[in-house]
Amino acid sequence: MPQTAEHLMRSRYTAHVLVAVDYLKETLWPKHQPYFDPVAVGEWAARNHWAGLTVIATNLGSEKDRDGTVLFEARYLANGRLDTHRELSRFRKKAGRWYYVEALPE
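For the sequence shown, position 14 matches number 15 in our numbering, and the numbering has no gaps at all.
See the structure below:
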């Protein structure tokens with residue numbers, strides 16, 4: 002179980018690489034899980050070749066925090082073109098476990 006928001010973010014990137022859709026749903030904030038589309042997420046993750054992850058910044062999100070954000074860039078090859086997904090992600094801890102909540106505007 003990831004101990005920080007950044008560790009969860011990195012594990013979710015790995016889940017995209019491995020097309021571990023169940024893990025992506027399990028680590029999504031519980032109130033958002035009913036709206037999770039495993040087919041669409043799995044298809045998107047599988048059709049891309051993941052090329053790397055860079056964590057740019059974190060704010061809070063330590064073992065002692067309840068909330069945190071992680072700014073990252075994930076590179077992937079799609080349709081013969083290298084692209085970058087840049088996101089400021091919000092994470093929240095509930096009952097000692099970190100969850101991905103949402104993407105925030107930068």
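Glycine included, each C-beta is placed from N, C-alpha and C at the ideal position. Please read these numbers as outputs of a predicted model, since none were measured by experiment.
Per DSSP, reduced to three states, the secondary structure at Lys65 is coil, with no helix or strand assignment.
Non-local C-beta neighbours of Val20 in its own chain, meaning closer than 7 Å and more than five positions away in sequence, comprise Gly43, Ala46, Ala47, ordered along the chain. At a Cβ-Cβ threshold of 8 Å, Leu25 and Arg13 count as neighbours. When secondary structure is reduced to three states using DSSP, Asp23 falls in the helix class. When the alpha-carbon of Leu9 is set against those of Leu83, Thr59, Pro106, Lys32, the nearest one is in Thr59. For Ala104, the enclosing beta strand (DSSP E) has its first and last residue at 98-105. Taking all protein chains shown into account, Tyr36 has fewer than 16 neighbouring C-beta atoms within 10 Å of its C-beta and is therefore exposed.
DSSP places Pro31 outside any alpha helix (DSSP H), giving it a letter other than H or E.
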